[in-house]
Every structure is written in C-alpha cells, then in structure tokens.
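Q: Pasting in a structure now, in structure tokens, and then I'll have a few things to ask.
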Amino acid sequence: MATTTNTNTPVVDSASSADELTAKTVHKRYENLVMVRTKAIKGKGAWYWAHLEPILVHNTETNLPKAVKLRCSLCDAVFSASNPSRTASEHLKRGTCPNFNSLPKPISSLSPSSNTAVASPSSGGGGTAAMVATASVVHNNRKRSASAGASSGGMSVSSYPMMAVATVASTTSYQVSPLAIVDPSRFSGELAVLPQHPHLMLSGGKEDLGALAMLEDSVKKLKSPKTSPGPALSKTQIDCALDYLADWVYESCGSRREFCGDRLDVKFEEAKAESEARIRDAMFFQIASDGWKVKSFSGFSGVNLVNLTVNLPNGTSLYRRVVFVSGSVPSKYAEEVLWETISGICGNAVQQCVGIIADRFKSKALRNLESQNHWMVNLSCQFQGFNSLIKDFSKDLPLFKTVTENCFKIANFINNKPQIRNSFHKYQLQEYGHAGLLRVPLRHFEKMDFGPVYTMLEDILSFARALPLVLLDESYKIVSMEDPTAREVAEIIRDVGFWNELEAVHSLVKLTKEMAQEIETERPLVGQCLPLWDELRAKVKDWCSKFHIAEGAVEKVIERRFKKNYHPAWAAAYILDPLYLVKDSSGKYLPPFKCLTLSRKKMWTSS
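For the sequence shown, the UniProt record's numbering begins at 1 and goes up steadily by one.
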C-alpha cells in the first residue's frame with residue numbers, strides 16, 4: 001500500500017503541474033485576445049471584434065482555465081479562438097449569424113440619399129426620443145406605423161412617405177461595415193422607432209395630385225436632406241470622441257510640433273514598454289543588425305543608419321536601437337555595439353540571446369562573439385549575400401565586363417551627340433510613345449555597386465526597337481562618315497551576339513535579385529539556407545544551358561560566395577528539420593545525409 005502510494009505521488013504532482021502550465025498558457029492567450037479586442041473597439045483593429053468576445057472555459061474538476069473560446073455577442077454562439085478572422089468570415093460575413101444583418105447601420109456609413117429624419121419633441125412632448133431609421137427598419141415596422149402615429153402624442157412623425165423610402169432603398173445598394181462608430185447599445189434606452197405615413201395608394205384621378213406632390217417633395221428632401229439634431233452627448237463622451245479624433249489626426253498627419261513635443265515621447269515610451277514586455281516573455285531571441293554594409297558610394301561624408309532589431313521565436317521583429325555610423329566602421333566597434341545591445345536587453349542572463357545576424361563582420365566580430373559565447377550561432381545575412389553575388393559576377397565574369405563596356409559606349413554616344421540624341425528621341429516617341437535619355441552610372445563607382453549599371457542595361461534592352469532605327473536615320477549616316485565611334489557603336493547595335501549577351505547578363509542579375517527579394521520577404525529559417533543555395537545553383541545551370549555559357553566560371557563564383565556565407569549550423573538545422581526527411585527503401589524516414597557534401601558532413605559532425 002505504502003509503496004503504491006509513494007510511486008503514484010510524482011505522477012499526481014506532474015499532472016497538476018502540467019494542468020497549471022496549461023492554465024497559465026490559456027490565460028495568457030485570453031489576455032492577449034482581450035487586449036486586441038480592446039484596441040479594435042477603439043478603432044485600431046479588425047471590425048469583427050465588436051461582435052466577438054473572448055471567454056475562458058474552466059475545467060469542472062480543477063476549476064483551472066482549460067481553453068479560450070470566442071462568443072458571438074449577437075447570438076451567444078461559441079467558437080474556437082484559434083483563428084478569429086476565419087470565425088468572423090464564416091459566422092458573420094456568410095450569414096450564419098441570424099442577428100448580424102439586422103444590426104442598425106453606423107451613422108458614418110449612411111449616404112445622404114439613405115438618411116432619414118430624426119424625431120424631435122414637439123411642444124407637447126414629454127421627453128426626447130430619437131433614432132436613425134434605415135429603410136430596413138421602416139420596412140419591418142410598416143404594419144404598426146398607423147398605431148404608432150396615434151399613440152405618439154407630441155412626437156412628430158417622419159415627413160418621408162413610405163413609398164418614397166422604399167423606392168430609394170430598392171434602387172440603392174450600399175456595403176456597410178458592421179463596426180459602428182457609435183455603439184447603438186449605449187443609447188438603447190433613448191431610441192424609438194419613428195411612426196410613418198400609411199402606404200399611399202394612387203387611383204389615377206385628380207385626387208392623386210396631392211399624393212404625387214408629397215412624393216416629389218419627399219424625393220427632393222432625400223436628395224438634399226437637412227441636418228437633423230442628434231442625441232445629446234455627455235461631456236465625458238465628447239471628450240472621449242475628441243481624444244479619438246486627436247489620435248487619428250496624429251497618426252495620419254502629425255505636425256512637426258507634435259513630433260518634437262511631449263506627446264511623441266509618451267507614444268515612444270508606450271511602444272518601448274510593450275516591446276520590452278514581449279521580449280521578457282520570450283524564452284530566447286536573436287539580434288538582427290542591418291546597415292553596417294556601406295550602401296552609398298558618394299564618399300566618406302555619408303552617414304549610415306545601423307538598425308538593430310530583436311527577432312522573437314514567433315517570427316515577429318521588434319525595434320531595439322539605432323546607431324549612426326559614417327565611413328568605414330572597424331570590426332571591434334561593431335562587436336562592442338552588438339554586445340552592448342545584448343547585455344542591455346537581458347543583463348547577465350546573456351544565454352537568452354541565441355545568436356546574431358548581420359550584413360557584415362562575419363569573419364571577425366561575429367566569429368569573436370560566437371567563440372566567446374559558445375551557445376551563440378552568429379550568421380551572415382543571406383539577403384546581403386545574394387546581392388554581393390551580383391557584384392562578384394560583375395567583377396569576375398568576362399561576359400559582364402564585355403556587355404558593360406559595350407553598353408557604356410552606346411549610352412554615352414547617344415546621350416552626348418545632339419543630332420543622334422534627337423533622332424533617338426524621335427524613334428522612342430514613334431515606338432513607345434515617350435522619350436528620354438539613357439541612364440548612365442558614374443564610371444568611378446561601377447565596380448562598387450552594380451545597381452546603376454543594371455539600370456543602364458535595362459534601358460538599352462527596353463529601347464531595343466528604337467536603336468536599330470537610329471542607324472537608318474540620315475543624321476546618323478552623316479555622323480558615322482566622320483566619327484569612328486559612331487561606326488563602332490553601329491557595329492555593336494547590329495551584332496546579334498551583343499543582344500544575346502546583354503539578355504543573358506540581364507537575366508542572371510534578375511534571377512539573383514528575385515531570389516534576394518524572396519529572402520527579404522519570407523525571411524527563411526536556418527535550415528532553409530542550404531536548399532536556397534542549391535536552388536540558385538539549379539537555376540544558374542539552366543541559365544547556362546539556355547544562353548550556351550560554360551558553367552565552370554559561374555559555378556566557381558557562386559561557390560566562393562557560398563563559402564563566405566556558410567555556417568555549420570546550416571547543415572545541422574537542415575539535417576534536423578523534419579521537413580527534409582527522406583524515405584528509404586525500408587519505408588523509414590531518415591535525415592538527408594546524402595545531400596551533404598563530405599566537407600559539410602565533417603563540419604557538421606565537428607560542430
């Protein structure tokens with residue numbers, strides 16, 4: 001008996017601790033949903049939170065929270081809280097909720113042609129009652145309009161005949177957002193449905209003139225309605241509305257005074273506190289720094305903005321700090337900035353930072369920090385790596401040098417010769433409907449940044465139909481008789497091989513740029529780095545086959561850049577990722593060791 005009791009005790013304790021952990025997670029999810037709903041009701045979130053309310057479901061035995069649900073405030077239906085947006089689409093938008101479409105429309109969503117009168121008390125009225133009545137409300141209360149008119153006492157009735165309202169409603173369609181600016185439930189005690197005139201019947205005689213006159217008058221009033229007094233608001237409601245309006249104006253178009261004042265400081269402190277709270281809640285984080293790589297080549301006077309952010313496990317990034325640097329930054333300084341950022345976030349518990357990703361300093365600053373803190377995995381930015389690969393192509397591939405030189409000759413000659421330039425503009429207008437100069441980069445910086453050169457290549461490709469026509473123009477023939485450069489440019493433009501090579505260079509750069517943009521957008525995981533580079537190799541191989549270019553030189557450039565970016569964690573993450581498990585002949589799923597090269601296997605096993 002005693003032995004049985006002792007062996008069961010740890011099981012009970014572990015079960016209770018698991019329940020408490022689950023309850024804590026559920027309660028945190030509930031608080032997050034409540035916070036999101038509160039912001040949405042204030043106008044800073046999705047519309048459906050006005051109708052969906054988070055609720056906690058408790059365990060009947062332990063009384064601990066076991067799940068979070070969403071309750072529809074219109075019909076009291078309960079749904080899972082895993083995907084509120086999908087719940088809103090299926091329950092509210094698709095008409096599943098029986099009470100959703102019958103809600104009063106918000107005042108702000110009504111156009112002038114759909115506004116109706118707001119009742120005001122006459123001299124004999126004992127109180128104030130007002131309501132914005134839509135066409136659907138009028139239709140639903142058609143049967144009791146006569147009795148309401150008889151019992152209304154001092155209340156004035158709408159001046160719009162029923163048939164006029166019905167006609168306008170039937171010919172006009174509006175898409176109205178269900179999130180009202182003013183919550184109708186707050187004024188439910190003050191609202192009353194307005195009585196209407198009985199339905200007018202026309203007999204076809206002279207007695208119809210009066211009814212037709214009333215109809216015409218009603219249509220005129222619908223076209224140009226007069227402003228009617230709305231419900232009186234309390235001072236608290238007015239102040240609240242003004243605060244919301246001020247927030248909207250500030251967020252939409254804040255003035256310079258606002259940006260320099262205390263209000264901006266308060267907003268910043270709020271955002272900072274929220275960001276720090278989210279970082280504290282995370283079990284670990286990664287530091288990302290962008291801006292160490294000089295992007296402007298106008299000289300050393302330019303100032304770079306180094307942005308340091310915190311990447312959380314759930315995929316979100318939070319701003320941390322900004323550092324202004326000018327010119328070339330020493331590696332030691334970057335190392336100090338990165339370490340200060342880490343210690344500033346987690347103090348002495350630096351193990352919370354699992355690594356750093358940066359667009360520079362992989363071989364020095366990142367490697368030093370990684371060797372000093374063995375748990376860190378410091379990676380180079382793949383987006384920057386793919387962009388640097390384009391610069392490698394331009395420096396190391398003879399094809400790029402030849403095409404670039406020929407394009408410089410064409411662009412400079414056409415832009416600098418007035419007669420040729422005018423002829424070029426004439427054929428641009430004829431072929432494309434617009435004219436302009438070819439964009440030419442500065443020769444001094446072309447090796448540092450291939451971007452402006454790529455722009456020039458695009459310009460020449462885009463005007464490929466106009467350039468041969470320039471050679472046929474009389475002005476070009478006259479110039480080519482005296483100028484050897486004109487004859488050389490003409491030979492380049494007539495050469496089919498030049499256009500094939502130009503298209504090949506443009507295609508390779510475009511291919512690499514598109515992959516870099518995908519990396520920037522999708523932010524791939526560490527385990528996806530090897531497949532990314534393998535995908536690039538496959539695309540480049542197809543490119544070589546298409547344009548009949550030897551693969552050796554191109555593969556050599558790619559492999560050199562790959563080694564500069566490579567980290568053993570790539571192979572480890574790739575092997576351990578269940579997404580890449582391979583099914584063998586026996587039906588078992590095994591890690592893809594065969595996909596690793598011998599050198600990568602050695603680096604992975606040693607790490």
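Even glycine gets a Cβ: it sits at the ideal position worked out from N, Cα and C.
Nothing here was measured: the structure is a model prediction, and the numbers come from that model.
Just verifying my parser: in three-state terms, what is the DSSP assignment at Pro441?
A: The answer is coil: DSSP assigns Pro441 none of H, G, I, E or B.
Q: Any chance you could list the alpha helix (DSSP H) runs of at least 4 consecutive residues sitting entirely within the segment 359-383, in chain order?
A: The qualifying runs are 367-372.
Q: Going along the chain, which unbroken runs of the beta strand (DSSP E) with 3 or more residues stay wholly within the segment 526-570?
A: Entirely contained in the segment 526-570, not one beta strand (DSSP E) run reaches 3 residues.
Q: List the DSSP bridge partners of Tyr319.
A: Its beta-bridge partners are Thr309.
Q: Within this structure, are the beta carbons of Leu233 and Ser275 separated by less than 9 Å?
A: No.
Q: Measure from the alpha carbon of Asp76 to the alpha carbon of each residue in His374, Asn99, His425, then state which is nearest.
A: Closest option to Asp76, Cα to Cα, is Asn99.
Q: Buried or exposed for Ala271, going by 16 or more other Cβ atoms inside 10 Å?
A: Flag for Ala271 reads exposed.
Q: Buried or exposed: Ile414, going by 16 or more other Cβ atoms within 10 Å of its Cβ?
A: That one is buried.
Q: Around the Cβ of Gly527, are there at least 16 other Cβ atoms within 10 angstroms (buried) or fewer (exposed)?
A: Label assigned to Gly527: buried.
Q: Please report the straight-line C-alpha distance between Arg465 and Ile410, rounded to a whole angstrom.
A: Arg465 and Ile410: Cα-Cα distance of roughly 14 Å.
Q: Flag this pair as touching only if the segment 355-372 and the segment 546-559 have three or more C-beta atom pairs under 8 Å; answer yes or no.
A: Result no; under three Cβ-Cβ pairs closer than 8 Å.
Q: I'd like the span of the alpha helix (DSSP H) that includes Leu264, first residue to last.
A: Looking at the DSSP string, the run of the alpha helix (DSSP H) that includes Leu264 is 262-281.
Q: Roughly how far, in whole angstroms, is the beta-carbon of Ala504 from the beta-carbon of Leu397, given that I think they are within contact range, below 8 Å?
A: So it is not a contact: roughly 10 Å between Cβ atoms.
Q: Please state whether DSSP places Met131 in a helix, a strand or coil.
A: The pLDDT assigned to Met131 is 37, lower than 50, so where the model puts this residue is not dependable; a value taken from the coordinates is nonetheless given after this. It is coil, neither helix nor strand.
Q: Quick one: give me the first and last residue of the beta strand (DSSP E) that Leu399 is part of.
A: Taken as a continuous stretch (DSSP letters only), Leu399 belongs to no beta strand (DSSP E), being part of the alpha helix (DSSP H) at 398-416.
Q: Return the chain-ordered list of same chain residues with a C-beta closer than 6 Å to the C-beta of Phe284, the five sequence neighbours on each side being excluded.
A: Gln352, Val354, listed in sequence order.
Q: Leaving out five residues before and five after Asp584 in sequence, what residues of the same chain have Cβ atoms less than 6 Å from its Cβ?
A: Cβ neighbours of Asp584 beyond the five flanking positions: Leu590.
Q: Count the other C-beta atoms from every protein chain shown that fall within 10 angstroms of the C-beta of residue 613, then say buried if there are 16 or more, exposed otherwise.
A: In the structure as shown, the chain starts at 1 and stops at 607, and residue 613 therefore has no counterpart that could be examined.
Q: With contact counted as at least three CB pairs below 8 Å, one residue from each stretch, are the segment 509-528 and the segment 428-438 in contact?
A: Because the criterion of three Cβ pairs below 8 Å is not met, the segment 509-528 and the segment 428-438 do not touch.
Q: Whose C-beta lies closer than 8 Å to the C-beta of Glu20 among residues of the same chain, with five residues either side of it excluded?
A: Cβ neighbours of Glu20 beyond the five flanking positions: Leu64.
Q: Are the Cβ atoms of Val57 and Lys39 separated by less than 9 Å?
A: Going by C-beta atoms, Val57 is not nearer than 9 Å to Lys39.
Q: Taking C-alpha atoms, which residue in Lys510, Pro452, Glu559, Gln517 lies nearest to residue 618?
A: Summary: the structure shown does not reach residue 618, with the chain confined to residues 1 through 607, and so no result is reported for it.
Q: What three-state label does DSSP hand Asn304 in the structure shown?
A: Correct three-state label for Asn304: strand.
Q: Between Leu457, Thr485, Thr62, which lies nearest to Ala18 when the distance is taken from Cα to Cα?
A: Looking at the Cα atoms, Thr62 is the closest of the given residues.
Q: Would you decide whether Phe463 is buried or exposed? Buried here means 16 or more other CB atoms lie within 10 Å of its CB.
A: Under this definition Phe463 is a buried residue.
Q: Using beta-carbon positions only, say whether Phe408 and Met448 come within less than 9 Å of one another.
A: No, the pair does not count as a contact, with Cβ atoms beyond the cut-off.
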